[in-house]
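Structure first, then comments.
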Amino acid sequence: SILDNLEIYFQLFVFSTSVEASVTNPLFASVDSEEAACQKILESYPRIRLWPTDRTVQEQQASNNLDPRGLVPQEEYRRVWRERIMGCGRPALKRITPTWTPRLGFHGELIWPVASTSSSRKGSAPYAGKGRPEGVVVEKETILCCSNIAFYVILDHSTRPPKKKGTKPSRTLFPNPIPADSCFAEAVWPHALARHPWTHLQKISIGFGFQRLTLRFRDNGGDSIRPAEEFCYILLTSSKLETVHLLKELQNLTDGIAVAIDTPNSFDHQNPTSGNSVVIENDDPLVLDGLAGSVGNSLGAVLHFQILHQYWKKNDRGSVRRLCVVTDAMIYLFDEDYFADGSCVEDAALSKRAAWGNPVYRIVDKADLTQIISVEAGSSDPCTLTISIRPSSRIYRTHNWRLICRGRDGAERLIEDVRKAMAMASM
6 SILDNLEIYF QLFVFSTSVE ASVTNPLFAS VDSEEAACQK ILESYPRIRL
56 WPTDRTVQEQ QASNNLDPRG LVPQEEYRRV WRERIMGCGR PALKRITPTW
106 TPRLGFHGEL IWPVASTSSS RKGSAPYAGK GRPEGVVVEK ETILCCSNIA
156 FYVILDHSTR PPKKKGTKPS RTLFPNPIPA DSCFAEAVWP HALARHPWTH
206 LQKISIGFGF QRLTLRFRDN GGDSIRPAEE FCYILLTSSK LETVHLLKEL
256 QNLTDGIAVA IDTPNSFDHQ NPTSGNSVVI ENDDPLVLDG LAGSVGNSLG
306 AVLHFQILHQ YWKKNDRGSV RRLCVVTDAM IYLFDEDYFA DGSCVEDAAL
356 SKRAAWGNPV YRIVDKADLT QIISVEAGSS DPCTLTISIR PSSRIYRTHN
406 WRLICRGRDG AERLIEDVRK AMAMASM
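Position one of the sequence shown corresponds to residue 6 (the working numbering), numbered consecutively onward.
Shown next, in the form of structure tokens:
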């Protein structure tokens, strides 16, 4: 099937090298304008369906980079992979429609808005109504594709919820995911939620501990129909090796663009870097300040930092995204949201100071390292682990942190770092 062999399918079909059919095949000598336009797309561009605005940008970019023969240069395949992604800011949220779910606490209970909270932080869309719990945006499972010219965000089949029995089939023609049972012979065109040329890439933000990567694009527009817009996408890799590998590939793809190293505080978000310079920044100061503000006191030395999921054995509550932080004295479980991700209603003053995609933290649970009873790996799944924490009072039960890491390496590293921190704290 296509979904089981994405790399081969994109190499052989989506980005296949085609010849000028209008020259080699006399059947295309007399065709109407619509057929000629379709034939031009088949000859010149990858077989990916785009939004009209993205197709216009693609054609304008191609017309500005014609070869000496007046032909459009062939777009070359580089990489395709599945990734969890979140959009921040109105332009990105128009492309990647956010999926909301009620916010859950440590025990899986619903989190309700506090009546004393200021109006700037009260409620979450679409749970902002009275009597509704707070909401959080769930990351999207997408197919990401990189060529030598552009970056594609493609709809994945797993992002669509299962249809109920007796429901009518969807009439949506675009965008649609690649059918789960489709094979190579069907020649399915992937549907792209967004396409951004590498020349529009302005900044790459490296998350703390290489747990995520934030890409910021800017389309300067060209007319009143297509105004200037900024797009922010957060790639939740949850893996240092994957983030480093992806960052090297992005640097190779933007090799022809001047690259500068910067920090979040010195970058002007209101007036991005002019020209075609790409800024590579590290958001460690933002993360450490946000964590310290959420904790309310000194955070201490961070020994481990990982984006993972929490799950529960009882009831059908699924899993929720969490952030596990281990310091030299404490272990924390946070909710990590992102500014303008579509979940929280922020006030105008904060929106002027903060940049899209900046992390926002909320404590879910915490414990002293001396309270940890055991740290055990999962028996059936190597990506799971359980941290048992002794309660501070006898009237409370033992807290069991049941966590799911992105990969086996992440689970093993968390277990090792927690045990090292426990040994250091007992000295």
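By construction, the Cβ of each residue, glycine as well, lies at the ideal position given by its N, Cα and C atoms.
These figures come from a predicted structure and were not determined experimentally.
- Looking at residue 324 and residue 337, is the spacing between their C-beta atoms short of 8 Å? no
- Message: For residue 442, count the other beta carbons within 10 Å of its own beta carbon; 16 or more makes it buried, fewer makes it exposed. Which is it?
- Response: This structure cannot speak to residue 442, because the chain is shown only from 6 to 432.
- Message: Mapping the DSSP letters down to three states, classify residue 289 as helix, strand or coil.
- Response: helix
- Pick out whichever of 360, 83 and 418 has its Cα sitting closest to the Cα of residue 435. Residue 435 lies beyond the residue range present for the chain, which begins at 6 and ends at 432; the question has no answer from this structure.
- Message: Among 412, 294 and 94, whose alpha-carbon lies nearest the alpha-carbon of residue 304?
- Response: Taking only the C-alpha atoms, the option nearest residue 304 is 294.
- N-terminal and C-terminal residue of the beta strand (DSSP E) that residue 145 is part of: Note, residue 145: beta strand (DSSP E), 145-152.
- Item | Opening and closing residue of the alpha helix (DSSP H) in which residue 331 lies | Not the alpha helix (DSSP H): residue 331 falls in the beta strand (DSSP E), residues 324-332.
- Query: Assuming residue 393 contacts residue 405 under a Cβ cut-off of 8 Å, what Cβ separation, rounded to an integer in Å, is found between them?
  - Reply: 5 Å
- Message: Using 8 Å for Cβ pairs, my map puts residue 409 next to residue 389. What's the rounded Cβ distance?
- Response: Yes, residue 409 and residue 389 are in contact; Cβ-Cβ is about 5 Å, under 8 Å.
- Query: Which word fits residue 378, buried or exposed, when buried means at least 16 other C-beta atoms lie within 10 angstroms of its C-beta?
  - Reply: exposed
- Message: Can you tell me whether residue 49 is helix, strand or coil according to DSSP?
- Response: helix
- Same chain only: Cβ atoms within 7 Å of residue 435, ignoring 5 sequence neighbours per side: In the structure as shown, the chain begins at 6 and stops at 432. Residue 435 is therefore absent and cannot be evaluated.
- Query: Around the C-beta of residue 243, are 16 or more other C-beta atoms found within 10 angstroms, so that it is buried, or is it exposed?
  - Reply: buried
- Message: Once the 5 residues before and after residue 116 are set aside, which same chain residues still bring their CB inside 8 Å of it?
- Response: Here the set comprises 107, 108, 109, 110, 138 and 139.
- Item | residue 422 (DSSP reduced to helix, strand or coil) | helix
- Task: Report the three-state DSSP secondary structure of residue 64 (helix, strand or coil).
- Result: Reduced to three states, the DSSP call for residue 64 is helix.
- Task: Output the boundary residues of the alpha helix (DSSP H) element that contains residue 399.
- Result: It is not in any alpha helix (DSSP H) - residue 399 carries neither H nor E in the DSSP assignment.
- Taking contact to mean at least 3 C-beta pairs separated by less than 8 Å, is the region 185-197 in contact with the region 210-226? no
- Task: Can you tell me which of the three DSSP states residue 203 falls into?
- Result: In the structure shown, residue 203 adopts helical secondary structure according to DSSP, grouped into three states.
- Query: In the DSSP assignment, what residue or residues form a beta bridge with residue 375?
  - Reply: Answer by DSSP bridge pairing: none, since residue 375 is not bridged.
- Determine the direct distance from the alpha carbon of residue 234 to that of residue 415, and round the result to whole angstroms. 36 Å
- Item | Beta-carbon contacts of residue 372 that lie in its chain and below 6 Å, excluding the five residues immediately before and after | 336 and 394
- Message: According to DSSP, simplified to helix, strand and coil, what is residue 104?
- Response: In this structure, residue 104 counts as strand in the three-state DSSP scheme.
- Task: Given a cut-off of 8 Å, decide if residue 282 and residue 368 are closer than it, judged by their beta-carbon atoms.
- Result: no
- Around the Cβ of residue 275, are there at least 16 other Cβ atoms within 10 angstroms (buried) or fewer (exposed)? Confidence at residue 275 is low in this model, with a pLDDT of 47, below 50, so its placement is unreliable and the value that follows should be read with caution. Under this definition residue 275 is an exposed residue.
- Closest residue to residue 102 among 64, 159 and 226 (Cα-Cα distance): 159
- Which stretch, first to last residue, makes up the beta strand (DSSP E) that contains residue 251? Residue 251 -> not in any beta strand (DSSP E); alpha helix (DSSP H) instead, spanning 245-258.
- Message: Taking 7 Å as the cut-off, is the C-beta of residue 295 nearer than that to any heavy atom in the ligand HEM?
- Response: In the structure on display, the ligand HEM does not appear, and there are no ligands present to speak of.
- Query: For the alpha helix (DSSP H) that residue 12 lies in, which residues bound it at each end?
  - Reply: 11-14
- Query: Cα separation between residue 279 and residue 66?
  - Reply: The predicted position of residue 279 is uncertain, since its pLDDT is 47 and thus under 50; a value taken from the coordinates is nonetheless stated next. Rounded to whole angstroms, residue 279 to residue 66 spans 18 Å at the Cα level.
- How would you call residue 271, buried or exposed, if buried means at least 16 neighbouring beta carbons within 10 angstroms? Bear in mind that a pLDDT of 47 at residue 271, under 50, signals an unreliable position, so the model cannot answer this.
- Message: Let me check one thing: in DSSP terms, what residues is residue 364 bridge-paired to?
- Response: Answer is 343.
- Message: So for residue 189, helix, strand or coil by DSSP?
- Response: helix
- Query: Roughly how many whole angstroms lie between the Cα atoms of residue 182 and residue 332?
  - Reply: 42 Å
- Excluding the 5 residues preceding and the 5 following residue 370 in the sequence, name in chain order all residues of the same chain whose CB lies nearer than 6 Å to its CB. Taken in chain order, the residues that qualify are 111 and 338.
- Item | Rounded separation between residue 433 and residue 222 - CA only | There is simply no residue 433 to check, as the chain begins at 6 and stops at 432 in what is shown.
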